[in-house]
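Going by my numbering, the sequence shown opens with residue 337, and the numbers climb by one from there. First the structure, in the form of structure tokens, and then the observations on it.
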Amino acid sequence: MKYNPNEIEARWQKYWAENGTFHAENHSEKPKYYVLDMFPYPSGAGLHVGHPLGYIASDIYARFKRHQGFNVLHPQGYDSFGLPAEQYAIQTGQHPDKTTKENIARYREQLDKIGFSFDWSREVRTSSPEYYKWTQWIFIQLFNSWYDKDANEARDIRTLILEFEENGNQKVNAVADDAIPTFSAKEWKSYSKEDQERILLKYRLTFLAETEVNWCPALGTVLANDEIINGVSERGGHPVIRKKMTQWSMRISAYAERLLSGLETIDWTESLKESQRNWIGKSVGASVTFKVKDSQFERNAVDYILSGDETNNHTIEVFTTRPDTIFGVTFMTLAPEHDLVAKITTPEQKKAVEAYVEATSKRSERDRMADVKTISGVFTGAYAEHPFTKEAVPVWIGDYVLAGYGTGAVMAVPCGDERDYAFAKHFNIPIKNIFAGADISEEAYTSKDNVVIGNSDFLNGLDYKKATKKAIEALEELGQGKGKVNYRLRDAVFSRQRYWGEPFPVYYVNGLPQMIEAQHLPIRLPEVEKYLPTEDGQPPLGNASEWAWDTKNATVVSNELIDDVTVFPLELNTMPGWAGSSWYWLRYMDAHNEEEFVSEEAQNYWQNVDLYIGGSEHATGHLLYSRFWNKFLKDRGFVNQEEPFKKLINQGMILGMSALVYRISGTNTYVSKNIKNNYETEGLHIDVSLVNASDEIDIEKLRQWQPQFNDAEFVTENGRFFVGREVEKMSKRWYNVVNPDDICNEYGADTLRLYEMFLGPLEQAKPWNTAGITGVFGFLKKLWKLYFDDNGLIVNSNPASPEALKTLHKTIKKVQEDIENFSFNTSVSSFMIAVNELTAMNCHERSILEPLAVVISPYAPHIAEELWERLGHKESISAVPFPRFNPEYLIENNKEYPVSFNGKMRFTINLPLNLTVKEIENIVMADERTIKQLDGKTPNKIIIVPGKIINLVG
337 MKYNPNEIEA RWQKYWAENG TFHAENHSEK PKYYVLDMFP YPSGAGLHVG
387 HPLGYIASDI YARFKRHQGF NVLHPQGYDS FGLPAEQYAI QTGQHPDKTT
437 KENIARYREQ LDKIGFSFDW SREVRTSSPE YYKWTQWIFI QLFNSWYDKD
487 ANEARDIRTL ILEFEENGNQ KVNAVADDAI PTFSAKEWKS YSKEDQERIL
537 LKYRLTFLAE TEVNWCPALG TVLANDEIIN GVSERGGHPV IRKKMTQWSM
587 RISAYAERLL SGLETIDWTE SLKESQRNWI GKSVGASVTF KVKDSQFERN
637 AVDYILSGDE TNNHTIEVFT TRPDTIFGVT FMTLAPEHDL VAKITTPEQK
687 KAVEAYVEAT SKRSERDRMA DVKTISGVFT GAYAEHPFTK EAVPVWIGDY
737 VLAGYGTGAV MAVPCGDERD YAFAKHFNIP IKNIFAGADI SEEAYTSKDN
787 VVIGNSDFLN GLDYKKATKK AIEALEELGQ GKGKVNYRLR DAVFSRQRYW
837 GEPFPVYYVN GLPQMIEAQH LPIRLPEVEK YLPTEDGQPP LGNASEWAWD
887 TKNATVVSNE LIDDVTVFPL ELNTMPGWAG SSWYWLRYMD AHNEEEFVSE
937 EAQNYWQNVD LYIGGSEHAT GHLLYSRFWN KFLKDRGFVN QEEPFKKLIN
987 QGMILGMSAL VYRISGTNTY VSKNIKNNYE TEGLHIDVSL VNASDEIDIE
1037 KLRQWQPQFN DAEFVTENGR FFVGREVEKM SKRWYNVVNP DDICNEYGAD
1087 TLRLYEMFLG PLEQAKPWNT AGITGVFGFL KKLWKLYFDD NGLIVNSNPA
1137 SPEALKTLHK TIKKVQEDIE NFSFNTSVSS FMIAVNELTA MNCHERSILE
1187 PLAVVISPYA PHIAEELWER LGHKESISAV PFPRFNPEYL IENNKEYPVS
1237 FNGKMRFTIN LPLNLTVKEI ENIVMADERT IKQLDGKTPN KIIIVPGKII
1287 NLVG
């Protein structure tokens, strides 16, 4: 009876689907365990063999936990809003919903074929109105909330309004916009409704603001920093520029400290935690205000002559971590996009400044941050006044300063900062040394250790800590500074100029945003003729003819009915790609609830995700936004857990093994790999499916593959043509994609699952090599033969031998430890060793082979189910208790002793371990081999170490 994976796997996949084998219960006496994968974006290309790696790992763990008696929630769904579907819609005119559904069907078919134990009854799709209804609802809750710094939590906006009505805003300690004027309760009540709404917008957790954004003209949308790579869009590689736009933003900065401290409570890798720490970027220092000095023109004005005040109303606020170095300031640098640049630039410098600002707008923030070699900048012609010396400090602009980080301005202390030092040297700006005994002739002195401040008036002779404290006190006395904690984390831009995204539940009355009431959600995406921005630059929703809100009838109506009385325009932007993924794990808990995004009962049971598996590329995007939303929802009492994901593992990448042919430069002649060094060549990628296991290619198949090879000439090695190999990212672009369907069809899903785990440690990148898969397939056939021969089942009920029990329990112990440590690759090796040992023993005993099927079940579930049923069981193997390891079976009763004569081992002898030294000596001396070796002689000394050695000397 032969092993037929295709037949077995199709049968069990059908069984699992029909019986709901992996459906989790929200009411169970079992302990819960929630295993989650980062859900996929359903692209048109479908899955390649790299995609299932994390899913296989999580599936092994989920199945293992079921064997341990847990009620396991292991759901799956689709992050189905996204730019690729929209770009395809622009190119073809096909609605993104249609292509997305087709792609999802393809993904589902591929995922089912690999045998995952997903609870598909809880499937979510972020592009489904039934799902994004609740994304819209959460947005409304954010809009109707403010962050109370005293309580250190988000609160209902109504509590803030009540405070304004009773006391004004004088005692309010909130995370809010800067420069909010102070008002009394009486003044608040005197404001118009519109003025009150404008003030509240400055406090809300989601708000409208003019923001510097990454604008991609080719894609017609704003991009997040993590959607830009090397200054171009991740999607399509299009140029990205910086520009100001009125956008929805989210006040994630309110949660900066909690996002930092929360990292200490979760089991994530240190590298991932460090990525978030760096992104949040906490620094302790001081805020310092510099007054801008009047220009020469202003000094000739009557006001100056009468007052003698050299400064105007403009000020530059900086944040510095080194207030102790304030006397070393010799210039200031503003971000080119800083609001003050246009206001203080002198007429003589206007042209140069505007040209620099324009050039900087074409560089992304990441590009500017990463470029530490280029030194560039322009003098504005303006000067600031030093708060202590009152000296004139020149104000420059430079692209190494970012408007979104801190205040967008720095006080430059070239003697103590490498970048300031290089800038000053490049532009011949004076460098003042304020470090006693430090040599700054070649480089800045950046250490805080053993610092003694000099040349700094009242700070002279102080160390770093004392000088910092005294400088802050002096600034506070002047009213030009204070101690401050700063964060690099910026509020998240939440608007996108796209069609295929969640519509905002927002309409506008006199330009002010109003929320649509929750009972009228979802606000569905309208139909549009074109998915591009409108001719006048409006987002794609500007093409919709029915996109207005009728407040009287609570429905979306034609734009022609807008009268700004009862019918108002709706928001034209859509939400970003990360909106739907910022709460999806909660929806899986209660996927069909039409009244709430998750019930309290379901939330109390499932709490949060026990194990989350996904890529490290989401460290500063999805994983940060998810934590932010979860903390907000807890603040408002909608969930009960502070953190969404207890344990997080980043799976590595499966890399492609690309194939290259070598073309002689300037010709259409190709040379075989091993003789390419005789020519000047260039490598071209070809489809890996054309190459055999020996890296040889069929030239005729290559000619048929692409027209460029039709009339090409080939220089072979003795009639054979070999290709080069390179390990790189698996991508259609490199023709190195391997389709998991092909592997499943030829070898079976269990082989694919085992092989992906066998490739190496889960967290590491490793190359795919199809040639290696045959060994794993051979292992499964060998496993099958322990249970069957050509005539059928050969399992017996005889007692198991001690050797077989030892092999089994050694394997149980190793596999359980491996799964718990996520060392799945070494488990596969253990299975192979066990099957080899049992085959050598000719073991067919039920007491060994039944538990063996359970142990292998998480890895190769289809063959395990088949074996379990053939052994006479009616229920699925998936819930059978995992075998218990019994250490007694690993205790060695005998020892294979090496017997040596004068230190040279001559033979071995197997003896019980409980023998005394004298008993061992008697047995050895009576052995025929000993008698032969001694040849009548008597040894001078017999050395016996029980359990280790026997050595006869002399």
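Using N, Cα and C, we set each Cβ at its ideal position, and we do this for glycine too.
Contact belief for residue i with residue j at Cβ below 8 Å, rounded distance in angstroms
i	j	result
A393	F1158	7 Å
A590	I616	Not really, about 12 Å apart at Cβ, beyond 8 Å.
I789	L798	5 Å
T625	I680	The pair is not a contact, with the Cβ atoms about 15 Å apart (cut-off 8 Å).
G988	L1129	The Cβ separation is near 40 Å, so there is no contact.
R860	E422	Actually they do not touch by this definition, with Cβ atoms about 17 Å apart.
E865	N879	6 Å
Euclidean distance between Cα positions of residue i and residue j
i	j	result
V689	T547	21 Å
S1001	E1016	6 Å
L599	S619	17 Å
E930	D1077	37 Å
F375	L559	21 Å
Y467	F933	9 Å
K338	A1170	21 Å
E1173	E1139	9 Å
I450	V829	38 Å
I641	N648	Residue placement at I641 cannot be trusted, given a pLDDT of 43 that sits under 50; what the coordinates show is reported in the next sentence. Each residue's Cα considered, the two are about 13 Å apart.
N1013	R999	11 Å
K609	Y370	22 Å
G644	G734	Here G644 scores only 48 on pLDDT, less than 50, and its place in the model should not be relied on; the value that follows carries that caveat. Looking at the two C-alpha atoms, the distance is approximately 32 Å.
E354	R347	11 Å
I767	I652	21 Å
A521	E499	8 Å
G356	D455	8 Å
M747	A671	12 Å
Residue range of the unbroken alpha helix (DSSP H) whose run includes residue i
i	result
V693	K686 to T696
M851	First-last for M851: L848 to M851, but that is the beta strand (DSSP E), not the alpha helix (DSSP H).
Y823	Where Y823 is concerned, there is no enclosing alpha helix (DSSP H), although the beta strand (DSSP E) it sits in stretches over G817 to Y823.
G992	First-last for G992: I990 to I1000, but that is the beta strand (DSSP E), not the alpha helix (DSSP H).
F968	H958 to D971
E813	Y800 to L814
With 16 other Cβ atoms within 10 Å as the buried cut-off, status of residue i
i	result
R1265	exposed
H928	exposed
Y351	exposed
V821	exposed
V1074	buried
V638	For V638, the predicted structure reports a pLDDT of 47, less than 50, and the residue's modelled location is therefore unreliable. A value from the coordinates is still provided. Classification of V638: exposed, given that the 10 Å Cβ count is below 16.
S1163	buried
G1208	exposed
A910	The sequence as given places Thr at residue 910; Ala does not occur at that position. Classification of T910: buried, given that the 10 Å Cβ count is 16 or more.
L959	buried
R826	buried
N1229	exposed
L1249	exposed
Heavy atom of the ligand NAD within 6 Å of residue i beta-carbon
i	result
Y369	This structure simply doesn't include the ligand NAD, nor any ligand for that matter.
Residue span of the beta strand (DSSP E) that contains residue i, given as start and end
i	result
H1021	T1017 to I1022
G950	V945 to G950
Q1040	Here Q1040 belongs to no beta strand (DSSP E); instead the alpha helix (DSSP H) covers I1035 to W1041.
G356	G356 -> no beta strand (DSSP E), and no H or E assigned at all.
R458	Segment: none, R458 is in no beta strand (DSSP E) and carries neither H nor E.
- Task: Ignoring anything shorter than 4 residues or poking outside the region 392-451, list the alpha helix (DSSP H) runs there in chain order.
- Result: Taking only runs of at least 4 residues, the alpha helix (DSSP H) segments lying wholly in the region 392-451 are 419-428 and 432-449.
- Item | Whole alpha helix (DSSP H) elements within the region 1149-1178, 4-residue minimum | Complete alpha helix (DSSP H) runs here, min 4: 1160-1176.
- In chain order, each alpha helix (DSSP H) run of at least 4 residues that lies wholly inside the region 463-528: Runs found: 465-479, 493-503 and 521-526.
- Query: In chain order, which alpha helix (DSSP H) runs of at least 4 residues are fully inside the region 1056-1139?
  - Reply: With a minimum length of 4 residues, the continuous alpha helix (DSSP H) runs that stay inside the region 1056-1139 are 1076-1083, 1085-1094 and 1109-1123.
- Task: Could you pull out every unbroken beta strand (DSSP E) segment of at least 3 residues lying fully inside the region 692-772, listed in chain order?
- Result: Taking only runs of at least 3 residues, the beta strand (DSSP E) segments lying wholly in the region 692-772 are 714-721, 728-733 and 745-748.
- Item | Contiguous beta strand (DSSP E) assignments of at least 3 residues, all confined to the region 1222-1265 | The qualifying runs are 1230-1237 and 1240-1248.
- What alpha helix (DSSP H) runs, 4 residues minimum, are completely inside the region 1186-1213? The qualifying runs are 1197-1206.
- Item | Entirely enclosed beta strand (DSSP E) segments - the region 537-575, minimum 3 residues | Runs found: 542-552 and 557-559.
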